[in-house]
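Just below is one structure, and these are the notes that go with it.
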Amino acid sequence: MFSGQPRSLRRSLAIQLVVLAAVLAIGLYLAVLYSAQRASQATMDAILGAATLSMASNLRATDQGVRIDLSPSTLSMLSATGQERLFYRFAIDGQVLSGYQDLPVLALPSPAVTPVFYDGSYRGAELRLATVSRALMLDGTLTPVQVIVGHTRDGQRRIAAQLAQNAAIFGLLLFLLSIPLSLVSAGNLLRPIRTIAQAVGRRGAHDLRPVRQPAPTELLPLVGALNAFIARLKAAFHHTETFLAEAAHHIRTPLATLRSEGELLLRTTEDDSQRQHIRRMIRSADECARSAGQLLEHATILYRAEQLEQTEIDLRTLTARMVERFRTIAEMREMSFTLSLPDTACPIQADQVLLEAALRNLLDNAIKYAPSETDIHVTLTQPGTGYRLCVRDHGPGIGGVPTAQLVRRFQRGLAAEHIVGAGLGLTIVQEVAETLGGSFSITDATGGGACATLELPQG
Amino acid sequence: MRFLLIEDNPNLAQTVLSQLSAEGHGVDHAFNLAEAEACLAAARYDLILLDITLPDGDGRGFLKRRRAQIDTPIIVMTARSEVSDRVGTLDLGADDYITKPFDFEELKARCRAVLRRQGRSPSPVQQFADVSFNPLEATLTIAGDTRALRNRELRLLEVLLAAPGMIFSKDQLCDRLFSFDEAVSDNAIEVYVARLRRKLDGSRARIETVRGIGYKLVA
Chain B
1 MFSGQPRSLR RSLAIQLVVL AAVLAIGLYL AVLYSAQRAS QATMDAILGA ATLSMASNLR
61 ATDQGVRIDL SPSTLSMLSA TGQERLFYRF AIDGQVLSGY QDLPVLALPS PAVTPVFYDG
121 SYRGAELRLA TVSRALMLDG TLTPVQVIVG HTRDGQRRIA AQLAQNAAIF GLLLFLLSIP
181 LSLVSAGNLL RPIRTIAQAV GRRGAHDLRP VRQPAPTELL PLVGALNAFI ARLKAAFHHT
241 ETFLAEAAHH IRTPLATLRS EGELLLRTTE DDSQRQHIRR MIRSADECAR SAGQLLEHAT
301 ILYRAEQLEQ TEIDLRTLTA RMVERFRTIA EMREMSFTLS LPDTACPIQA DQVLLEAALR
361 NLLDNAIKYA PSETDIHVTL TQPGTGYRLC VRDHGPGIGG VPTAQLVRRF QRGLAAEHIV
421 GAGLGLTIVQ EVAETLGGSF SITDATGGGA CATLELPQG
Chain V
460 MRFLLIEDNP NLAQTVLSQL SAEGHGVDHA FNLAEAEACL AAARYDLILL DITLPDGDGR
520 GFLKRRRAQI DTPIIVMTAR SEVSDRVGTL DLGADDYITK PFDFEELKAR CRAVLRRQGR
580 SPSPVQQFAD VSFNPLEATL TIAGDTRALR NRELRLLEVL LAAPGMIFSK DQLCDRLFSF
640 DEAVSDNAIE VYVARLRRKL DGSRARIETV RGIGYKLVA
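Structure below.
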């Protein structure tokens with residue numbers, strides 16, 4: 001479904017906001033540019049129009065013809081346009097009276113009273129021109145005199161360019177500012193998701209309470225689904241725990257009766273062939289109990305491994321106690337334990353049930369596989385920061401079979417033919433080692449026998 | 460020795476009862492906690508065998524209560540899962556536990572170990588001819604000379620001593636001395652008989668070989 005990196009909501013939200021900000025900034029730039037041009041044009045046109053009208057009003061009809069007075073006020077008005085070059089032309093019926101003959105003219109006749117503005121080019125320069133006509137009484141006829149005033153637009157362009165530049169800088173700043181703002185706002189918007197995720201992530205593996213963090217409306221269905229899932233998980237865990245204990249009880253109790261009856265029968269039976277049958281029966285009961293025990297223990301290990309329930313345990317005390325538990329069975333086979341422990345406590349963060357299961361299976365294995373009247377050495381050392389627990393027996397050894405093969409489920413070693421069990425003992429030890437972040441290996445010891453080594457970190 | 464067996468499964472209780480009686484112990488049986496309380500009110504016991512799952516309550520509650528009142532050793536018999544039940548049982552005050560199904564020899568061995576550790580009552584001593592046998596201490600005393608017995612020598616002597624003069628076949632003795640999953644050679648029992656004979660040196664008690672049949676203890 002997902003290829004490569006998962007999609008980041010925060011990132012895409014931030015990108016969308018930034019893109020939006022960019023569009024707005026460009027829009028702002030264009031709007032400023034347009035209105036600046038419009039505004040400067042309008043201002044310039046007002047001045048040009050006023051100058052044109054002023055020039056037109058300064059025309060006099062005399063006997064010699066038309067007299068043109070360029071009053072200082074008109075010129076000073078035009079000088080307000082700055083560095084522009086000025087051009088003008090007075091004409092009657094296309095007959096130029098004064099000024100630049102070839103200034104661009106409008107196709108239509110120039111209106112009276114209100115000047116008309118237009119653009120044109122003249123001698124390589126873009127001009128803004130205004131024209132108006134004024135009727136003068138010449139030789140007894142009312143003759144319209146056309147007045148054209150034009151100026152270059154360099155200054156206006158400069159102002160517009162300046163305004164546009166300012167607008168661009170402003171837009172760019174706005175855009176740059178929008179990046180961190182977008183990131184912050186995307187982060188803020190997505191904070192509830194993060195809060196819930198952290199709250200769920202922080203809890204211990206066995207914490208199966210529903211999520212109670214406040215969630216925005218949009219997240220409610222997700223939180224609801226999560227809570228429903230947690231509830232189902234809780235029920236399943238509870239069921240597993242009860243089931244394992246119940247299953248063991250229901251299998252073992254009748255087997256206990258079967259075995260005891262068998263033993264009783266064996267004591268009172270003289271006939272050798274019948275005794276043989278009873279012995280097989282007892283052995284089967286043992287085998288069944290042991291296999292069931294290992295299977296249920298295996299299931300318990302897998303279940304507990306999920307729970308990760310950790311407490312501080314003194315591995316030294318635990319080892320001594322477990323060995324003590326096995327002393328009676330070892331003595332019955334005339335085996336003895338030699339126990340070598342560090343002088344000080346060995347604290348470890350682990351699930352006690354898992355540790356006990358590993359130790360029990362190691363000791364159980366050693367007793368089962370070693371011949372009677374031998375010693376089993378249990379050594380706990382502290383190399384570096386972790387612990388190393390060695391159980392060394394004087395049995396037949398493992399014949400060079402690699403650990404990986406011995407710990408495989410239902411795999412039994414070479415020496416196991418007549419020994420009852422499901423072949424899960426070492427698998428359990430291996431699984432516990434893995435769960436606790438350690439390692440397990442079993443090798444042939446120098447001088448015979450097997451050496452099972454469980455390495456565990458302090459946790 | 461007087462035992463109190465608290466076990467609700469009648470079949471299992473019956474077989475344990477039979478085996479303990481056969482060993483010469485006095486056993487009272489309680490089906491539930493109420494009966495157990497009644498028994499404890501009426502008599503003193505050397506050892507209590509307690510099942511954990513009982514019809515009128517959890518054996519662990521009983522364990523905790525009784526532990527505060529009496530110092531009679533308690534061995535818990537549990538049928539629960541290997542893992543989840545053992546934890547805490549000892550912390551609650553059980554002296555030992557045994558997982559069902561169990562080898563009766565193991566139960567006996569655990570009883571002996573618990574009683575020896577407790578060392579409260581004077582160890583019962585069995586007398587045969589000029590031999591004093593102390594099963595708890597695992598010793599033989601012959602004319603003032605005390606000899607320590609190893610585990611299988613002790614159990615072998617226990618079997619023979621239960622019926623002096625009776626012939627036990629090698630097979631029968633093997634079944635008592637070895638667990639059913641041990642590889643036992645034909646002459647394995649001879650080794651232990653020979654060892655026990657050496658421990659009995661200098662006494663009138665001796666183990667006789669009945670050729671082709673087995674062994675018997677005679678004086």
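In the order they appear, the protein sequences are chains B and V. Following my numbering, the numbering of the first sequence begins with 1 at its first residue and continues without gaps. Following my numbering, the numbering of the second sequence begins with 460 at its first residue and continues without gaps. Just so you know, even glycine gets a beta-carbon here, dropped at the ideal spot from N, CA and C.
Taking 8 Å as the CB threshold, V:Lys559 lines the interface with chain B. Put simply, the CB of V:Thr512 is near chain B, with a gap under 8 Å to one of its CB atoms.
Collapsing the DSSP output to three states places B:Tyr118 in a strand.
In terms of CA proximity to B:Gly65, B:Val145 leads the group B:Phe440, B:Val145, B:Asp286. In the structure shown, V:Glu667 adopts extended strand secondary structure according to DSSP, grouped into three states. Here V:Leu509 has Ile465, Gly518, Ile533, Val535 as same chain residues with Cβ atoms under 6 Å from its own Cβ, once five neighbours each way along the sequence are excluded. Under the Cβ criterion of 8 Å, V:Asp517 is not counted among the residues facing chain B. Taken through DSSP and simplified to helix, strand or coil, V:Val475 comes out as helix. Relative to V:Tyr504, the option among V:Arg575, V:Gly485, V:Ser644 whose CA is nearest is V:Gly485.
Residue pairing from DSSP places B:Thr379 in a beta bridge opposite B:Ser340, B:Cys390. Its chain contains Ile648, Gly673 as the residues whose beta carbon lies nearer than 7 Å to that of V:Lys629, once the 5 sequence neighbours on both sides are disregarded; these appear in chain order.
Not one beta carbon of chain B lies nearer than 8 Å to the beta carbon of V:Ser591. A buried status is given to B:Ile251, since no fewer than 16 other beta-carbon atoms sit within 10 Å of its beta-carbon. For B:Tyr29, the enclosing alpha helix (DSSP H) stretches over residues 9-57. In the displayed model, V:Arg461 falls within a strand according to three-state DSSP.
When C-beta distances to chain B are compared with 7 Å, the residues of the stretch 599-611 of chain V below that value are Arg609, Asn610, Arg611, in chain order. For the pair V:Arg614 and V:Leu636, the CB atoms are nearer than the 8 Å cut-off. One thing to note: B:Ser178 has its Cβ within 8 Å of the Cβ of B:Leu17. Within a 10 Å sphere around the beta-carbon of B:Tyr34 sit fewer than 16 other beta-carbons, which makes this residue exposed. DSSP, reduced to helix, strand and coil, places B:Thr446 outside both helices and strands of the structure shown, so it counts as coil.
Annotation for B:Leu9: Leu190 place their beta carbon closer than 7 Å to its own, counting only its chain and skipping 5 residues before and after. Between B:Ile68 and B:Asn58 a beta carbon distance of about 7 Å is seen, short of the 8 Å cut, so the two are scored as contacting.
The Cβ of B:Asp272 sits closer than 8 Å to at least one Cβ of chain V. Per the C-alpha coordinates, the member of V:Ala501, V:Asn468, V:Ser662 positioned closest to V:Asp589 is V:Ser662.
According to DSSP, V:Ala489 shares a beta bridge with V:Ile465.
Measuring C-alpha to C-alpha distances from B:Val132 to each of B:Gly423, B:Tyr118, B:Gly124 identifies B:Tyr118 as the nearest. For the pair B:Ser336 and B:Lys368, the Cα-to-Cα distance works out to about 13 Å.
Annotation: V:Leu463 to B:Met332 spans about 24 Å, alpha carbon to alpha carbon. Close CB contacts of V:Met625 within its chain, under the 7 Å cut and outside five residues either way in sequence, are with Lys675 (chain order). Ranking B:Leu424, B:Thr453, B:Gln310 by CA distance to the CA of B:His377 puts B:Thr453 first. For V:Ile511, the secondary structure class from DSSP, reduced to helix, strand or coil, is coil.
Against V:Leu616, chain B offers no close residue; the least beta-carbon distance is about 15 Å (beta-carbon pairs closer than 8 Å).
Between B:Gly397 and B:Gly437, the gap from beta carbon to beta carbon reaches 8 Å or more. B:Glu312 is bridged by DSSP to B:Gln349. Of all alpha-carbon atoms in V:Asp487, V:Ile511, V:Thr512, the one lying nearest the alpha-carbon of V:Ala500 is that of V:Asp487.
Contacts between V:Thr474 and chain B, judged by CB atoms closer than 7 Å, involve Thr257, Ser260, Glu261, Leu264 in chain order.
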